[in-house]
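Here is the structure we will look at, set down as structure tokens.
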Amino acid sequence: MFKQSWRAAGVALALWGLAGLGNQAAAQVIVDTAQVQEALKRPVQVWDVRGDKDFAKGHLPGALSVGDAAAVLRDANTEDFIATAQIARILGAAGIDPAKETVVYGSRGTWNPYFGRYALRYFGGTKVSVYHEGIEGWQAAGGPVEAGAAKPTPIALTLAPNPAVAVSTQEVLARLGKPDMQIVDARTPKEFAGADIRALRGGHIPGAVNIPYEMNWSDPETLQKLAQKSVGDNRGMSLKAPPELQALYARLDPDKETVVYCQSGARASETAGVLEQLGFRNVKVYDSSWLGYGNKLDAPAENETTFNVGALNGRIAAMQKRIDTLEKELAAKK
Numbered sequence: 001m002f003k004q005s006w007r008a009a010g011v012a013l014a015l016w017g018l019a020g021l022g023n024q025a026a027a028q029v030i031v032d033t034a035q036v037q038e039a040l041k042r043p044v045q046v047w048d049v050r051g052d053k054d055f056a057k058g059h060l061p062g063a064l065s066v067g068d069a070a071a072v073l074r075d076a077n078t079e080d081f082i083a084t085a086q087i088a089r090i091l092g093a094a095g096i097d098p099a100k101e102t103v104v105y106g107s108r109g110t111w112n113p114y115f116g117r118y119a120l121r122y123f124g125g126t127k128v129s130v131y132h133e134g135i136e137g138w139q140a141a142g143g144p145v146e147a148g149a150a151k152p153t154p155i156a157l158t159l160a161p162n163p164a165v166a167v168s169t170q171e172v173l174a175r176l177g178k179p180d181m182q183i184v185d186a187r188t189p190k191e192f193a194g195a196d197i198r199a200l201r202g203g204h205i206p207g208a209v210n211i212p213y214e215m216n217w218s219d220p221e222t223l224q225k226l227a228q229k230s231v232g233d234n235r236g237m238s239l240k241a242p243p244e245l246q247a248l249y250a251r252l253d254p255d256k257e258t259v260v261y262c263q264s265g266a267r268a269s270e271t272a273g274v275l276e277q278l279g280f281r282n283v284k285v286y287d288s289s290w291l292g293y294g295n296k297l298d299a300p301a302e303n304e305t306t307f308n309v310g311a312l313n314g315r316i317a318a319m320q321k322r323i324d325t326l327e328k329e330l331a332a333k334k
């Protein structure tokens, strides 16, 4: 069954670059430049999930925007979605209708457009695709861009969450150890091992397989190289070739329910999209992810580590002392 499932996934891979949006929109998760160009000939909704400044510098013709989507649509503390009614008002004011066929894009390879796709699907969308190459790929292909703010036609929306798209902490706990569910941890190896603690605890969900979301890229080290200025662009954030992606996830069964998590569901949304494109049949994002799970102290965890509040307070005090010293030195020079 497992080998047969991967043969079916192989067919999906073969069709990766061939299926257009149109009638295939519900199944086509990731689209290329040619498909976006074709889509723009129809009344397809285009959503740019970048911040306002980047949007104003240049965006695809007719693109809509709410600003930085992940920041606008999520609670700053829990990093879960804000109230559904509030999201309905925000999307409605921006003219973004989850029910419409939509292409979501941002900067090449980033998780942001995948989060946008996940958000639209969570609130009822069924025909939502991601343009992975983003604004950089569009401009490199000579695609036209517009500058300035978006020009939306506001709409009234009534939204309801789709429970088939995501799982809650309670659902994850209830399904732990079940043979028909597999869990993918899209965080870094250090987060997975509990060495990088970003909640009350470090570690990972029991049984999870660690495949960092950056591994989807042709060069998983691109972000570090950009920070070090050893590369001049983000071309390394393009997706791996389909056979390489198939090999990356070969240890997983595409017929099982696949739950993907990270710190807050953002990185997980990219891996979830890639898995869907590969032909995985039942992929869900654990929305609260480790931030929710790690803060639930009675939830079982592997590689569990605890947060050293005393050490953190010491580092903060040392940092504040250094800041005070620098401010005094600066004042003395005036």
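Using our numbering, the final residue of the sequence shown is 334, and nothing's skipped along the way. Heads up, the beta-carbon is just placed ideally off N, CA and C, and yes, glycines get one too.
Burial state of Ile96, where buried means 16 or more other Cβ atoms lie within 10 Å:
Classification for Ile96: buried.
Rounded to a whole number of angstroms, what is the C-alpha to C-alpha distance between Pro64 and Gly106?
Residue 64 is actually Leu in this sequence, not Pro. Cα to Cα, Leu64 sits roughly 12 Å from Gly106.
Measure how close the beta-carbons of Thr222 and Ala141 come, nearest whole angstrom, since I'm counting them as under 8 Å.
Not a contact, Cβ separation roughly 20 Å.
How far does the alpha helix (DSSP H) with Gly58 in it extend, from its first residue to its last?
Taken as a continuous stretch (DSSP letters only), Gly58 belongs to no alpha helix (DSSP H), as it is neither H nor E.
What's the C-alpha gap between Gly294 and Glu101?
Gly294 and Glu101: Cα-Cα distance of roughly 36 Å.
Using a Cβ-Cβ cutoff of less than 8 Å, which residues in the same chain neighbour Phe55 once the five nearest sequence positions on both sides are dropped?
Apart from the 5 residues on each side of it in sequence, Phe55 sits with its Cβ closer than 8 Å to the Cβ of Asp48, Ala63, Ser65, Gly67, Ala149, Ala150 in its chain, given in chain order.
Within 10 angstroms of the Cβ of Val274, are there 16 or more other Cβ atoms? Answer buried if so, exposed if not.
The residue is buried, with at least 16 neighbouring Cβ atoms inside 10 Å.
Thr158 versus Pro98: straight-line alpha-carbon distance, rounded
The alpha-carbon atoms of Thr158 and Pro98 are separated by roughly 10 Å.
What are the boundary residues of the beta strand (DSSP E) that Tyr131 is part of?
Note, Tyr131: beta strand (DSSP E), 128-131.
Taking Asn255 as the reference, give the member of Gln263, Ser269, Arg281, Trp138 with the closest Cα.
The displayed chain sequence assigns Asp, not Asn, to residue 255. Minimum Cα distance to Asp255 is reached at Arg281.
Whole angstroms is fine: what's the gap from Pro144's alpha carbon to Pro61's?
If I take the Cα positions, the gap works out to 7 Å.
Consult DSSP for Arg201 and reduce its assignment to one of helix, strand or coil.
In the structure shown, Arg201 sits in a strand (DSSP, three-state: E or B).
Per-residue DSSP class, three states only, for Leu173:
Per DSSP, reduced to three states, the secondary structure at Leu173 is helical.
Using only the alpha-carbon positions, how far apart do Ala166 and Thr188 sit?
Between Ala166 and Thr188, the C-alpha separation is close to 21 Å.
Same chain, Cβ closer than 7 Å to Ala318, five either side skipped, listed in chain order:
In its chain, beyond the 5 residues on either side, no residue has a beta carbon closer than 7 Å to the beta carbon of Ala318.
Quick check on Glu38: does DSSP put it in helix, strand or coil?
In the structure shown, Glu38 adopts helical secondary structure according to DSSP, grouped into three states.
Quick check on Asp233: buried or exposed, where buried means 16 or more other Cβ atoms within 10 Å of its Cβ?
The residue in question, Asp233, is exposed, as its Cβ has fewer than 16 Cβ neighbours within 10 Å.
Here's the rule: buried if 16 or more other CB atoms are within 10 angstroms of the residue's CB, otherwise exposed. What is Ser230?
When all chains shown are included, Ser230 counts as exposed.
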